[in-house]
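Those protein sequences? They're chains V and R, same order as listed.
Per our numbering: the first sequence ends with 1115, consecutive numbering throughout.
Per our numbering: the second sequence ends with 1115, consecutive numbering throughout.
Note that the Cβ used here is the ideal one computed from N, Cα and C, for glycine as well.
Number of protein chains: 2
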Amino acid sequence: MDMESRSSDPLKSPVPTLMAVARMAGVSPITVSRVVRRPDIVSSATRLRVEDAIRKLGYVPNMVAGSLASARTKSVGVLVPTIANSIFADTVQGLSDVLEPLGFSVILAQSGYDDQREARTLAALLSRRPEAIIMIGAPVTAEGIEMLKRAGIPVVETWELPEAPVDAAVGFDNHDAGVVVGRHFAKTGRRRLVFVGGDDRRATQRWHGFIEAARKAGLDEPRRVLIEWQSGAGAGAAVLASTPDADAVFAANDAYAIGLLSALRRANRLGPEPAAVPEVAVVGLGDLEMGRLFSPTVSTIRIDGAAIGRAAAELALDPAKPRRIDLGFELILRESG
Amino acid sequence: MDMESRSSDPLKSPVPTLMAVARMAGVSPITVSRVVRRPDIVSSATRLRVEDAIRKLGYVPNMVAGSLASARTKSVGVLVPTIANSIFADTVQGLSDVLEPLGFSVILAQSGYDDQREARTLAALLSRRPEAIIMIGAPVTAEGIEMLKRAGIPVVETWELPEAPVDAAVGFDNHDAGVVVGRHFAKTGRRRLVFVGGDDRRATQRWHGFIEAARKAGLDEPRRVLIEWQSGAGAGAAVLASTPDADAVFAANDAYAIGLLSALRRANRLGPEPAAVPEVAVVGLGDLEMGRLFSPTVSTIRIDGAAIGRAAAELALDPAKPRRIDLGFELILRESG
DNA sequence: CCCGAAAATGGTAGCGCTATCATTTCCAGA
DNA sequence: TCTGGAAATGATAGCGCTACCATTTTCGGG
Chain V
779 MDMESRSSDP
789 LKSPVPTLMA
799 VARMAGVSPI
809 TVSRVVRRPD
819 IVSSATRLRV
829 EDAIRKLGYV
839 PNMVAGSLAS
849 ARTKSVGVLV
859 PTIANSIFAD
869 TVQGLSDVLE
879 PLGFSVILAQ
889 SGYDDQREAR
899 TLAALLSRRP
909 EAIIMIGAPV
919 TAEGIEMLKR
929 AGIPVVETWE
939 LPEAPVDAAV
949 GFDNHDAGVV
959 VGRHFAKTGR
969 RRLVFVGGDD
979 RRATQRWHGF
989 IEAARKAGLD
999 EPRRVLIEWQ
1009 SGAGAGAAVL
1019 ASTPDADAVF
1029 AANDAYAIGL
1039 LSALRRANRL
1049 GPEPAAVPEV
1059 AVVGLGDLEM
1069 GRLFSPTVST
1079 IRIDGAAIGR
1089 AAAELALDPA
1099 KPRRIDLGFE
1109 LILRESG
Chain R
779 MDMESRSSDP
789 LKSPVPTLMA
799 VARMAGVSPI
809 TVSRVVRRPD
819 IVSSATRLRV
829 EDAIRKLGYV
839 PNMVAGSLAS
849 ARTKSVGVLV
859 PTIANSIFAD
869 TVQGLSDVLE
879 PLGFSVILAQ
889 SGYDDQREAR
899 TLAALLSRRP
909 EAIIMIGAPV
919 TAEGIEMLKR
929 AGIPVVETWE
939 LPEAPVDAAV
949 GFDNHDAGVV
959 VGRHFAKTGR
969 RRLVFVGGDD
979 RRATQRWHGF
989 IEAARKAGLD
999 EPRRVLIEWQ
1009 SGAGAGAAVL
1019 ASTPDADAVF
1029 AANDAYAIGL
1039 LSALRRANRL
1049 GPEPAAVPEV
1059 AVVGLGDLEM
1069 GRLFSPTVST
1079 IRIDGAAIGR
1089 AAAELALDPA
1099 KPRRIDLGFE
1109 LILRESG
């Protein structure tokens, strides 16, 4: 499609500039700029004239030029491992809800749980000069950390609370979450503990907390089932295949927990009605709505992903705010364990 | 946090420019620019020298300036009703997977199913001069359509196939989906049909198709249960409360379908084992993984959200490609109906 | 009716980069 | 050794806007 054919004014199709508006309204360019950004300091007579010209021309300010001139891009870079994971989607939603009303745009990028890609992606984000970076997790490569530091902008790491974040962090203690679930299993008489999840740092922290609690309680050494795919069904099958004797499973997210419960049902290890004491206890993480709808209802470590996003946005915009926020988590016990 | 304190070089902390690199390497600025963008046309000797300077200074190109000079932003605006909906998250993921490797960034914005907000958001997106716009659904306001046309860039509408899209569309026929489900219910002997969903245009198209099929088959006039919240549980409760006598329900998405099945179970209308012929047939839309894990497994209109995203990205980048792609859908029959 | 301060508007000079030409350097072939 | 065209590099002029300061206009109070 060529530009001419889609313009409503076939004559001087090129996208109108602030200069064009100024000429049409008979004012200087800077006045147009003021009408757009600070209408209050322009007399209402001129303002009306300018607004009229803007409407007639269909002028849309060029923020690229504006950003260059003002050194403010009104944008925030957001780096997630993947968006096709409802739990991160909630966080993105939350931060977007705070940022957009303030006129900030979200530049979204995915690292795909890949270290090299994270570094590349971070460079790409930074080249757009966002006013802050918000990421799920902490940067993994030294390169990435270095770039972030040099950028001199707020950097908010979420979903974990590193000892020494580049700048700020909003999240919860993943290690603790593992401990809490481990203890809960011990207290309810479970002995053969299993952890299913990926091998990213957050999952690993949960795993460490989980073993720690199991050891302290004198249980069998917990086993870990590593999952590559993002599929709940896959996670369920993997656990049944590699640790069929497990009597308690901590799944790194609710999707895995549901996948496992579904596999257990298919293997006829669930009984027709949710048992008071299930043969295999399962606890997930995230508190997806699905978990409440499933039968048995899924016990979980509840995390408020949207709240993390909102808090992260606030730290990103205000460097004066405290640089570390622990939003905590909550163990929610339902039928699954 | 102030900029000085976080720079690795406390001396001349300000973010280095291309000019600084040029001076350090003893070349002209344009040569640095070429090393960054087209390394192949620079002699290897100078290239090495420049790359060295870049590394030493930690230079990150300023794409804002580059975009202004070249009139290419290497960015695509993406407008979704909400990202906290796994089905759209898949589409965003898909398009991002195509766009990022090509050096394009995704500027993500949410309209929240709100017409006015859609128009505002579109203006904000356009002011960043993206090279294309990809949106879920078609623009709703005349204003929005006008702005998009004037922008003179590719615009891809997804998840529906309007008669006259602004530019391009990738999706499937929502009306047809309704027809297919309606016919299926008729064929399997259902009579009291209900549709649960929102009142956005896509849902409404499905609804229209659904009634059409029901009328043709001579069934009772279908009823429509309108849902505001995005919650499956809410949808389930609403259907049970307002149309308790329904014997077949088409849910506008799988989350609603699962919410309804869960409510039916709680109301003891599901039986212990999935029945061969369920009392109430339920068909969802989207084919979430959860639907396959649930019991009963959820019948659904399968849509490949990621594929829609990938195809949309391709149309966005290449105006020569066909402007209308019907990716279709598939009725997947499982235990729920 | 004048004065001075506030309100309103404008001129100038870049922001950091790239497009578009030069211009210079290099080197194979005569 | 000289030539000519390709390869490599550079000078210049903006891109469309805003920061900063200067200038003009307005208007209430003496």
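Closer than 7 Å at the beta carbon, the chain R residues around residue i
{"i": "ASP954(V)", "result": "Those do not exist, as ASP954(V) stays about 26 Å from chain R at its closest Cβ, beyond 7 Å."}
{"i": "THR851(V)", "result": "VAL842"}
{"i": "SER1009(V)", "result": "GLU1067"}
{"i": "ALA1091(V)", "result": "Going along chain R, no residue has its Cβ under 7 Å from ALA1091(V), so there is no contact; the nearest lies around 13 Å."}
9 Å Cβ cutoff, residue i in contact with chain R
{"i": "ARG1043(V)", "result": "yes"}
{"i": "MET913(V)", "result": "no"}
{"i": "ASP875(V)", "result": "yes"}
{"i": "LEU857(V)", "result": "no"}
{"i": "SER883(V)", "result": "yes"}
{"i": "VAL948(V)", "result": "no"}
{"i": "THR899(V)", "result": "yes"}
{"i": "GLY1014(V)", "result": "yes"}
{"i": "ALA1026(V)", "result": "no"}
{"i": "ARG906(V)", "result": "yes"}
{"i": "LEU796(V)", "result": "no"}
{"i": "GLY903(V)", "result": "Checking the displayed sequence, the identity of residue 903(V) turns out to be Leu instead of Gly. Judged by the 9 Å Cβ criterion, LEU903(V) is in contact with chain R."}
{"i": "ALA1033(V)", "result": "yes"}
C-beta neighbour in chain V for residue i, strict 9 Å
{"i": "MET779(R)", "result": "Annotation note: pLDDT 37 at MET779(R) (below 50); position unreliable, coordinate value reported separately. Yes, contact with chain V."}
{"i": "MET802(R)", "result": "no"}
{"i": "GLU1113(R)", "result": "no"}
{"i": "LYS790(R)", "result": "Bear in mind that the predicted position of LYS790(R) carries a pLDDT of just 47, short of 50, making it unreliable; the figure below should be weighed with that in mind. Output row for LYS790(R): interface = no."}
{"i": "LEU846(R)", "result": "yes"}
{"i": "LEU1071(R)", "result": "yes"}
{"i": "GLU771(R)", "result": "Residue 771(R) cannot be examined here, being either before or after the span of chain R that is shown, 779 to 1115."}
{"i": "ALA1019(R)", "result": "no"}
{"i": "GLN871(R)", "result": "yes"}
{"i": "LEU1095(R)", "result": "no"}
{"i": "ALA1084(R)", "result": "yes"}
Other residues of its chain near residue i: CB distance less than 7 Å, five sequence neighbours each side excluded
{"i": "GLY1094(R)", "result": "The question names Gly, but residue 1094(R) in the sequence shown is Ala. Hits under 7 Å: VAL854, ALA910, ILE912, PRO932, VAL934."}
{"i": "VAL828(R)", "result": "VAL799, ALA803, VAL805, THR809, VAL810, VAL813"}
{"i": "THR737(R)", "result": "Outside the displayed span of chain R (779 to 1115) sits residue 737(R), for which this structure offers no information."}
{"i": "PRO1097(V)", "result": "PRO932"}
{"i": "MET797(R)", "result": "PRO807"}
9 Å Cβ cut-off: residues of chain R touching residue i
{"i": "ASP868(V)", "result": "ILE861, ALA862"}
{"i": "MET925(V)", "result": "GLY836, VAL838"}
{"i": "PRO1050(V)", "result": "PRO1050, GLU1051"}
Beta-carbon proximity of residue i to residue j, cut-off 9 Å
{"i": "LEU900(V)", "j": "PRO917(V)", "result": "yes"}
{"i": "ARG906(R)", "j": "MET1068(V)", "result": "no"}
{"i": "VAL959(R)", "j": "PHE1028(R)", "result": "yes"}
{"i": "ARG1070(R)", "j": "ALA1024(R)", "result": "no"}
{"i": "ARG1043(R)", "j": "VAL948(R)", "result": "no"}
{"i": "GLY1064(V)", "j": "GLY1087(V)", "result": "no"}
{"i": "VAL884(V)", "j": "ILE885(R)", "result": "yes"}
{"i": "ARG1002(V)", "j": "HIS953(V)", "result": "no"}
Proximal chain V residues relative to residue i, where beta-carbon distance stays under 9 Å
{"i": "GLN894(R)", "result": "Ordered by position in chain V, no residue passes the 9 Å Cβ test against GLN894(R), which lies about 13 Å from the chain."}
{"i": "ALA887(R)", "result": "SER874, GLU878, SER883, VAL884"}
Interface residues of chain V facing residue i [CB-CB closer than 7 Å]
{"i": "LEU880(R)", "result": "Under the 7 Å cutoff, chain V gives no residues; its nearest Cβ is about 11 Å from LEU880(R)."}
{"i": "SER1040(R)", "result": "LEU1071"}
Sequence-distant residues of the same chain with beta carbon closer than 6 Å to residue i, five excluded per side
{"i": "ALA831(V)", "result": "VAL799, MET802, ALA803"}
{"i": "SER845(R)", "result": "THR851"}
{"i": "ILE1081(R)", "result": "GLY1064, PHE1107"}
{"i": "ARG895(V)", "result": "SER889"}
{"i": "ASP780(R)", "result": "With a pLDDT of 37 at ASP780(R), under the threshold of 50, the modelled position of this residue cannot be trusted; read the value that follows with caution. None."}
Cross-chain neighbours of residue i in chain R, by beta carbon under 8 Å
{"i": "ILE1036(V)", "result": "MET1068, LEU1071"}
Proximal residues of chain V, C-beta to C-beta of residue i below 8 Å
{"i": "ALA910(R)", "result": "Going along chain V, no residue has its Cβ under 8 Å from ALA910(R), so there is no contact; the nearest lies around 11 Å."}
Cutoff 8 Å; reference residue i; Cβ partners in own chain excluding five residues on either side
{"i": "ALA992(R)", "result": "GLY960, PHE963, ALA964, LEU971, ASP998, GLU999, PRO1000"}
{"i": "ALA1045(V)", "result": "LEU1018"}
Item to check | Three CB pairs or more closer than 8 Å across the region 973-987 of chain V and the region 1027-1043 of chain V | outcome: Touching, yes.
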